[in-house]
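Count along the sequence shown from 1, then add 88; that gives the number in my numbering.
Beta carbons are placed, not taken as given, at the ideal position from N, Cα and C, and that holds for glycine.
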Amino acid sequence: MDPLLLTPGPLTTSPLVRAAMQRDFGSRDPAFTEMTARVRRRLATLAPEPAAFTAIPLQGSGTYAVEAMLGTLVPATGGAAVLVNGVYGARAVEALRRMGRTCEAFATDEGEAPDLGALAACLAANPRLTHVFTVHSETTTGQLLPLAAISELTARAGRRLLVDAMSSLGAIPVDGIVTDAIASSANKCLEGVPGLSFVLARTDALARAAGAAPSLSLDLHAQWARLEKDGQFRFTPPTHVLAALDVALDLHDQEGGVAARGGRYQENMQRLLHGMAQLGFDPLLPPDRQGPIIATFREPASPAWNFQRFYDFLRDRGFAIYPGSLARVPSFRVGCIGQVFPADIDRFVAVVADWREAAPW
Ligand SMILES: *Cc1c(COP(=O)(O)O)cnc(C)c1O
89 MDPLLLTPGP
99 LTTSPLVRAA
109 MQRDFGSRDP
119 AFTEMTARVR
129 RRLATLAPEP
139 AAFTAIPLQG
149 SGTYAVEAML
159 GTLVPATGGA
169 AVLVNGVYGA
179 RAVEALRRMG
189 RTCEAFATDE
199 GEAPDLGALA
209 ACLAANPRLT
219 HVFTVHSETT
229 TGQLLPLAAI
239 SELTARAGRR
249 LLVDAMSSLG
259 AIPVDGIVTD
269 AIASSANKCL
279 EGVPGLSFVL
289 ARTDALARAA
299 GAAPSLSLDL
309 HAQWARLEKD
319 GQFRFTPPTH
329 VLAALDVALD
339 LHDQEGGVAA
349 RGGRYQENMQ
359 RLLHGMAQLG
369 FDPLLPPDRQ
379 GPIIATFREP
389 ASPAWNFQRF
399 YDFLRDRGFA
409 IYPGSLARVP
419 SFRVGCIGQV
429 FPADIDRFVA
439 VVADWREAAP
449 W
């Protein structure tokens, strides 16, 4: 039996989502074209001001959407200030540099709050910077960044905000956030399958970006223009993945939308943090920076500790966790998203308690 995936994605999905992939659509089949339009409309409702935004789906994992958003919307004559609190902020910096875009990185230690004072000072000193980029939920640690404060600061400085909301959109609201674009993916909080990412872009900002992207396949404007023209993806669409997302969005609605999905993840997270604390595991983040998506725990400081043995023990009992990816702190991660419910987290904590008894460090 496949383990429950307590990871940041791919995730455990509903059998209904997987069943939606049993059908082979032709890309010009009217049923598929209609489905594409419907999914785009539904995704746009997740934007802060749905009427001002358009949803552009892209073939590929989340990174493709982030790179397309940055390459299309940060102009060659401008630049971006990027908040870096983990690997996803760092990845945006690398994407911008490879595309030859001007970029100022603001790195804080993983798990620390971003230095917004330094960001404001940088924007004041660098009129060339037209954009600010931030991750919303930094999946490296599980930290939730102060998006409202970053949005306010960016607007006050007269700059445009771009957001990687990969592991938050659909579970953590973005109401009131002033932004030109938000990148996300089918297989995180929306609980679809991997292979499709998307950008929610302010239509007026996107319309100004014709010909700006340095890449053919990651040209968000061209992808949008084609979808608007005849409802088609420019290149082979991930038909099965889109059909799965359409059903995943039904389930998202049925659960009660963003508030209910986020509420379930929050409940998962509270039980996880509480249960693990009782077993002596130390979370990396203080409660005020801990988001509901994924938790990072420090590895116990004992010579007897062995991550692989811990992983295998849990895997044999039906749970897949995730290794840490912190530069300095040895750690592991446990995700709370996907088709994972509070009772699953309780069972997981009970298995960790068994492990603790069988192999104490
Ligand atoms: C998952 C994720 C991405 C995209 O990673 P892929 O491996 O390309 O799916 C980007 N940013 C954040 C914050 C993520 O959690």
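Point to revise | Among 425, 196, 143 and 232, the one whose alpha carbon lies nearest that of residue 375 | key: Checked all of 425, 196, 143 and 232; the closest Cα to residue 375 is 232.
Exercise for review: Take residue 114 and list the residues in its own chain whose beta-carbon comes closer than 7 angstroms to its own, dropping the five residues that flank it on each side.
Suggested key: Answer for residue 114: 120, listed in chain order.
Point to revise | Of the listed residues 237, 106 and 430, nearest to residue 355 (C-alpha basis) | key: The shortest Cα separation from residue 355 among 237, 106 and 430 belongs to 430.
Review point. Would a C-beta distance cut-off of 8 angstroms place residue 191 and residue 159 closer than the cut-off?
Key: 8 angstroms or more divides the Cβ of residue 191 from the Cβ of residue 159.
Practice item. Count the other C-beta atoms from every protein chain shown that fall within 10 angstroms of the C-beta of residue 368, then say buried if there are 16 or more, exposed otherwise. Key: In this structure residue 368 is exposed. Its beta-carbon is surrounded by fewer than 16 other beta-carbon atoms within 10 angstroms.
Review point. So, is residue 393 buried or exposed, given that buried needs 16 or more other C-beta atoms within 10 angstroms?
Key: With fewer than 16 other Cβ atoms within 10 Å, it is exposed.
Exercise for review: Would you mind working out which of 255, 142 and 235 sits nearest residue 227, comparing C-alpha positions?
Suggested key: Cα-wise, what sits closest to residue 227 is 255.
Check your understanding: Which term fits residue 212, buried or exposed, when burial requires 16 or more other beta carbons within 10 angstroms of its beta carbon?
Key -> So residue 212 counts as exposed.
Review point. Comparing the CB of residue 521 with every heavy atom of ligand 1, is any distance shorter than 7 angstroms?
Key: In the structure as shown, the chain begins at 89 and stops at 449. Residue 521 is therefore absent and cannot be evaluated.
Point to revise | Own chain, CB closer than 7 angstroms to residue 288, minus 5 neighbours either side, in chain order | key: Excluding sequence positions up to five before and after residue 288, its CB lies within less than 7 angstroms of the CB of 131, 132, 134, 135, 141, 143, 269 and 270, all in the same chain and listed in chain order.
Exercise for review: Taking residue 427 as the reference, give the member of 446, 353 and 390 with the closest Cα.
Suggested key: Of the candidates 446, 353 and 390, the one whose C-alpha sits nearest the C-alpha of residue 427 is 353.
Check your understanding: Between residue 317 and ligand 2, is the CB less than 7 angstroms from at least one heavy atom?
Key -> The model on display carries ligand 1 but not ligand 2.
Check your understanding: Is the Cβ-Cβ distance between residue 334 and residue 109 less than 8 angstroms?
Key -> No, Cβ-Cβ distance for residue 334 and residue 109 is not below 8 angstroms.
Practice item. Assign residue 318 to one of two classes, buried (16 or more other C-beta atoms within 10 Å of its C-beta) or exposed (fewer than that). Key: Residue 318 is exposed by the Cβ-count criterion.
Check your understanding: Does the Cβ of residue 176 lie closer than 7 angstroms to at least one heavy atom of ligand 1?
Key -> Yes.
Point to revise | Selected residue, minimal CA-CA separation from residue 239, among 171, 102 and 129 | key: Ranked by Cα distance from residue 239, the first of 171, 102 and 129 is 171.
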